[in-house]
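Let me begin by presenting the structure, written as structure tokens, before commenting on it.
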Amino acid sequence: MGFLNDLNPQQLEGVIYTQGPLLILAGAGSGKTRVITYRIAYLIGQQGVPPEQILAVTFTNKAAEEMKNRVLELLGDRARKVWISTFHSASVRILRREIQSLGYGQDFAILDTADQIRLVKECARELKINEELYDPKEMARRISELKNRLISPQAYAREAQAFGMEDKLAKVYSYYQSLLKRYNSLDFDDLLMMTVHLFETHPEVLHSYQRRFQHMMIDEYQDTNHAQYRLVRLLGEHGNVCVVGDDDQSIYGFRGADLGNILRFEKDYPQARVIRLEQNYRSTQNILDAAGAVVGKNQKRKAKRLWTQKPKGAHIQVCQVADEEAEAHYIGKTIKQIRVNGKWSYADFAVLYRAHAQSRALEEGLRDEGVPYRIVGGLRFYERKEIKDLLAYLKAIVYPEDDLSFKRILNVPPRGIGSGTVEKLEGYAKARGFSLFQAFTESVSAGLDQMGLTYAQRRGLTNLAGLLEEFKRLAANTSVAELLEIILKKTGYEQILQQEVAERASGEEGRSRLENIRELFSAVRIFEERFNCQDGIMKDETYYKHSVLAAFLDHVTLVTDSDQETQGATSGKGAVLMMTLHGAKGLEFPVVFMAGMEEGLFPHQSALTDTGQMEEERRLCYVGMTRTREMLYMVHVEKRRLYGSVQWNSPSRFIEEIPIELVKEVVWSDRSVRSVDGQSVSKIALSPIDHLPQLQEAGPFKKGIQVKHPVWGIGRVQEAEGQGEDQRVVVHFKTVGPKKLAVKYARLEKVG
DNA sequence: CTGCATCAGATTTTT
DNA sequence: TCTGATGCAG
Ligand SMILES: Nc1ncnc2c1ncn2[C@@H]1O[C@H](COP(=O)(O)OP(=O)(O)OP(=O)(O)O)[C@@H](O)[C@H]1O
């Protein structure tokens, strides 16, 4: 057990304290995740606990993947039997075995967020609710919120007002839930809610899982919501529960995360042991001080100590650029520059931002600069139209009652089945209590004559029925990739896209669709390969035994960041990672760029008026900063395009909250920005040497700071212009009032 | 029923 | 600015 030497005494205690509840409450980079990882290894390797008795829950798939890999490194293959997954994935695995007790079929479909909204819309329409007054999106959001608070439609109907939004919501929620049931489908939030429901109503099932999971560990416990909390309490009744978290890193308030869960832990488990980790192993002193100063501005927080043995390190580079294009080029050029000068490869850099919308400009800039990058998350791959279409075919094959998917493919690609035909089918279904799909099959085999359909409509329906039957037959003994290939050909989907590319001026779109489809193929192949060569535990599940396809569908709905697999395989050389600040949680990078550090963007507009939300934004900033091992760059843009109009932003308050002495400020401009006609000429006009960033140091005296003058004493900077030693400032002195000074001559000093 | 034109709304963050 | 939803003509 040599690996235990990699731990400090507090961490070691967390690892070997394996009986009874344990709370590890500690700041960023203090090795919380490492404790969980080593704890798993210790339980198995040292205490002889069977791997399948361990359940470790993380927050994102990426975090789960990483933890799995680390445990594999420590233990080798026997670690594969440990359940390391997100709450949602774990719930699916449980429900795939047990959901029959709740009256659902084992082969339930899982709706993603878009489907959720689609279904809510359908409900609203059916219930004749005015969609202008009651926005389906808003209702979907609130239903999700209710589910995360474990409030059933019945319970909500009892507490809701009998008019207005609450009344409509109660009706929609109830109808929505009944439709889900009819479609044998669960939405994302149901995965948690139904599992809780299952355990609460079926003690024998609960007991079997309690016995099975003798040891539970939950990472990022500060971000659990109520449903997740209930799951932990139910499964962890035996008390062998180890939770780790940091109240300063709570950033999922918007989806119901409740800090109270972690703060209440000692009350929930009175005999709980609490361990605090105070040594940070990740960041330099400067970064730690800066991040600490920022999060220290929050009123609502538990103070905690965090220290490091690392050197002070570089200053935090704060850089101002003109617009988002310049921002991207600055980042690209700086990466190239310090990669050459230093010891880093592209994979050591991360570009973090508040919202996905920022990624496009950054992406283009990096591409221009020839910097390899990889975007994590974003307009998610599996949410693209063409991908969803194809997946809907697969779903219609695997989930016979999933009308939502069936509806999607009914007329895709166009085959003459329009809204008229769909309505007729729906009427037919309703009259007989059938699902749409049943109605479809029935009416086709009955010859379609009862419904007054035209010849073309009948032909469309009959063709589709024939295709689906064929696909189903093939699905049983063909690989998913082959099946997809056949679907693509036989439905004419591929042909339509190819035609588009060949004929239209707008063939670009079709081309990119075809590319995405090709990417889907490679994702499918990689998945199948892994599945077949016995990697992981998915294969052990009886539900998946008969079907790689079923396993694949669960995989794509749960593991939404697809590029991990496809792109990871192609660009092994390493690439700069781009992702949102939320996505970066739990990860670390030697060099981090935080882009878009501007008021209104970060902190986000909607947080400006709400202290609670503002504190969450600040925590998010803290999370971002503490991802950094050595060099942290914060970039803010003066002028940002938004919906076509321009917005002038001032630097984020979070920048101002960093003690000035930890910061080095820079104003950057790309000398080649524009030629007369407004065309960007940077690539042609510049010789290689010019590609290095043109750094000019901003004067050290910023607006608002206190300064001391040898003669006039203490004053405050009111205006500042120019750069470096050419800076000129207007200082308002206590003794003599305002004075304009040149920094080069006046011997000013910063105070405080 | 399909294809094109016009217009509104979008970007907070995730499973 | 760009995308998608809706409405109208063919
Ligand atoms: N005892 C130790 N000795 C050396 N390095 C350590 C030690 N413990 C942790 N580290 C390193 O410190 C870094 C942070 O660890 P880890 O990710 O476990 O922290 P964390 O508390 O989960 O962080 P965060 O909450 O910020 O995500 C990792 O690079 C890890 O390898």
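Under the numbering used here, the first residue of the first sequence carries the number 353, and numbering increases by one thereafter. Positions of the beta carbon are idealized from the N, C-alpha and C atoms, including for glycine.
Asked, Found
"Tell me whether E940, by its Cβ, gets closer than 7 Å to a heavy atom of ligand 1.", "yes"
"Roughly how many angstroms separate the alpha carbons of S1027 and L714, rounded to a whole number?", "Only weak support exists for where S1027 lies, its pLDDT of 31 falling under 50; the value from the coordinates is given anyway. Whole-angstrom Cα-Cα distance: 21 Å."
"In angstroms with no decimal places, state the Cα-to-Cα distance between V1069 and E1013.", "16 Å"
"Under three-state DSSP, which class holds S923?", "Model confidence at S923 stands at a pLDDT of 46, short of 50, so the residue's coordinates are unreliable; what they give is reported in the following sentence. S923: coil per DSSP, three-state reduction."
"Just the C-alpha distance for P766 and N500, rounded to the nearest angstrom, thanks.", "38 Å"
"I believe R580 touches K1016 by the beta-carbon criterion, under 8 Å. Please report the beta-carbon distance rounded to the nearest angstrom.", "It is worth fixing the name first, because residue 580 is Gln in this sequence and not Arg. No, Q580 and K1016 are not in contact; Cβ-Cβ is about 42 Å, not under 8 Å."
"Answer yes if the stretch 715-732 comes into contact with the stretch 776-796, meaning at least three C-beta pairs across the two stretches below 8 Å, and no otherwise.", "no"
"Going along the chain, which unbroken runs of the alpha helix (DSSP H) with 4 or more residues stay wholly within the stretch 469-537?", "488-500, 505-511 and 516-534"
"Less than 7 Å between the CB of A903 and some heavy atom of ligand 2, yes or no?", "Judged by which ligands are present, ligand 2 is missing from the structure shown, whose ligands are ligand 1."
"Does any heavy atom of ligand 1 sit closer than 7 Å to the C-beta of D598?", "yes"
"Taking the alpha-carbon of V911 as reference, which of T963, G383 and S437 has the nearest alpha-carbon?", "S437"
"Excluding the 5 residues preceding and the 5 following M966 in the sequence, name in chain order all residues of the same chain whose CB lies nearer than 8 Å to its CB.", "P955, A959 and L960"
"Where do the N-terminal and C-terminal ends of the beta strand (DSSP E) with T438 fall, by residue?", "W435 to T438"
"The beta strand (DSSP E) spanning C671 covers which residue range?", "I668 to D675"
"Identify which residue in A936, E950 and A509 has its Cα closest to the Cα of K520.", "A509"
"Can M983 and V943 be called in contact, C-beta distance under 8 Å?", "yes"
"So, using beta-carbon positions, are N632 and S382 closer together than 8 Å?", "yes"
"Looking only at its own chain, which residues have a Cβ that is under 6 Å from the Cβ of Q999, when we skip the five neighbours before and after it?", "R992"
"In whole angstroms, what separates the C-alpha of E496 from that of L756?", "The residue you asked about is not Glu; residue 496 is Ser in the sequence shown. Answer to the nearest angstrom: the Cα atoms are 18 Å apart."
"Could you give the distance in angstroms between the alpha-carbon of R732 and the alpha-carbon of P622?", "43 Å"
"So the beta strand (DSSP E) K759 belongs to, where does it begin and stop?", "No beta strand (DSSP E) contains K759, which is instead part of the alpha helix (DSSP H) from D755 to L762."
"Does P555 come out as helix, strand or coil in the three-state DSSP assignment?", "helix"
"Just how far apart, CA to CA, sit R616 and D610?", "10 Å"
"Kindly give me the distance between the Cβ atoms of F460 and I446, rounded to whole angstroms, as I take these residues to be in contact under 8 Å.", "Wrong, their Cβ atoms sit about 12 Å apart, outside the cutoff."
"Determine the DSSP secondary structure at L1044, reduced to helix, strand or coil.", "Confidence at L1044 is low in this model, with a pLDDT of 34, below 50, so its placement is unreliable and the value that follows should be read with caution. In the structure shown, L1044 sits in coil (DSSP, three-state: anything other than H, G, I, E or B)."
"Take every Cβ of the stretch 461-469, pair it with every Cβ of the stretch 526-538, and state whether three or more of those distances are shorter than 8 Å.", "yes"
"Using the three-state DSSP reduction, which class does V1033 fall into: helix, strand or coil?", "Any reading at V1033 must be qualified, since the residue scores a pLDDT of 35, below 50, and its modelled position is unreliable; no value is offered."
"Out of C594, G665, A702 and K897, which has the shortest C-alpha to C-alpha gap to G372?", "C594"
"How many whole angstroms separate the CB atoms of A808 and G768, which I take to be in contact at a CB cut-off of 8 Å?", "5 Å"
"Relative to the alpha-carbon of E716, which residue among E679, W696 and L901 has its alpha-carbon at the smallest distance?", "E679"
"Would the beta-carbon of L972 be found less than 7 Å away from any heavy atom of ligand 1?", "no"
"Have a look at E917 and A875 and give me their C-alpha separation to the nearest angstrom.", "Residue confidence is low: E917 scores 44 on pLDDT, short of 50, so the model does not pin down where it sits. Its coordinate-derived value is still stated next. Their backbone Cα atoms lie some 7 Å apart in a straight line."
"Quick one: using the 10 Å Cβ neighbour count with 16 as the cut-off for buried, is H681 buried or exposed?", "buried"
"Would you say the beta carbon of R448 comes nearer than 7 Å to a heavy atom of ligand 1?", "no"
"From which residue to which residue does the beta strand (DSSP E) around M931 run?", "V928 to T932"
"Would you call the CB atoms of A442 and L395 closer than 8 Å?", "no"
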